[in-house]
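Numbering (my numbering), first residue to last: 78 to 286. Ideal Cβ placement from N, Cα and C applies to all residues, glycine included. Notes for the one structure printed next.
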């Protein structure tokens with residue numbers, strides 16, 4: 078598919094450079110340009126008022142796709158909505174993960190707060206998962222959606238510097254470390270976003286085959 082350039086450009090509705098690194102790593106063999114909305118010259122405040130990860134991802138993708146179309150572009154626009162669900166906290170912070178304690182609050186503070194809220198909770202009840210839903214809006218208006226999760230537990234302190242967000246407190250039992258201690262290759266293979274992106278890559282391939 079990359080050779081005949083059926084997909085010319087993908088715009089990802091994020092300004093997060095950590096996400097963009099993961100996205101480019103996983104989707105590079107599509108053989109097309111993959112840029113952030115900022116790199117595409119798109120700036121917009123999107124009200125994420127959905128009640129599920131899927132709804133919020135589609136809201137973001139449609140909003141950016143609309144602006145892209147106004148700019149005369151025929152891009153594929155992809156957006157994700159992801160978050161951390163902690164079972165002992167009634168699946169908080171959930172769809173509010175990015176806004177938990179305020180969007181501008183450093184994740185070191187957010188992570189410290191979650192760890193303190195789990196004080197006294199034993200290992201077996203510290204179960205949690207990362208959820209990622211990805212939505213794509215194609216130039217012809219069609220939409221695609223994928224979802225993936227990774228199961229783990231919340232640790233007792235931050236560990237690792239390879240990830241971002243809640244990665245340093247999310248322990249992956251089979252690796253015996255946090256997602257922030259994994260290599261990029263390991264993380265892309267098992268992470269919620271990595272698996273959802275792989276599925277989206279497959280959906281795009283089918284849509285344009």
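Cα-Cα separation, residue i to residue j
i, j, result
"residue 238", "residue 216", "38 Å"
"residue 129", "residue 172", "7 Å"
"residue 78", "residue 84", "Residue placement at residue 78 is flagged as unreliable, the pLDDT there being 43, under the threshold of 50; a coordinate-derived value is accordingly withheld."
"residue 268", "residue 227", "6 Å"
"residue 108", "residue 285", "13 Å"
"residue 174", "residue 142", "24 Å"
"residue 210", "residue 245", "21 Å"
"residue 264", "residue 276", "15 Å"
"residue 185", "residue 125", "24 Å"
"residue 150", "residue 278", "21 Å"
"residue 254", "residue 148", "45 Å"
Proximity to residue i [Cα-Cα], best of the options
i, options, result
"residue 49", "105, 96, 87, 90", "As displayed, the chain neither begins before 78 nor continues past 286, which places residue 49 out of reach and without an answer."
"residue 156", "144, 139, 169", "139"
"residue 193", "111, 272, 261, 234", "234"
"residue 115", "183, 106, 145", "145"
"residue 212", "281, 161, 195", "281"
"residue 127", "266, 272, 110, 158", "158"
Nearest-angstrom Cβ-Cβ length linking residue i and residue j, presumed shorter than 8 Å
i, j, result
"residue 287", "residue 123", "Nothing about residue 287 can be read from this structure; the chain reaches only from 78 to 286."
"residue 91", "residue 120", "That pair is no contact at about 13 Å."
"residue 117", "residue 88", "5 Å"
"residue 131", "residue 224", "7 Å"
"residue 236", "residue 258", "6 Å"
"residue 99", "residue 270", "6 Å"
"residue 104", "residue 274", "6 Å"
"residue 160", "residue 170", "6 Å"
Quick one: any contact between the region 152–169 and the region 204–213, if contact means 3 or more CB pairs under 8 Å? yes
If you scan the region 200–236 from start to end, which runs of the beta strand (DSSP E) of 3 or more residues do you find wholly inside it? 204–214, 220–231
Touch check for the region 230–237 and the region 246–262: three-plus C-beta pairs under 8 Å? yes
Which ranges does the beta strand (DSSP E) cover as unbroken runs of at least 3 residues, wholly within the region 235–285, from first to last along the chain? Look at the region 235–285 and you find these whole runs of beta strand (DSSP E), each 3 residues long or longer: 247–249.
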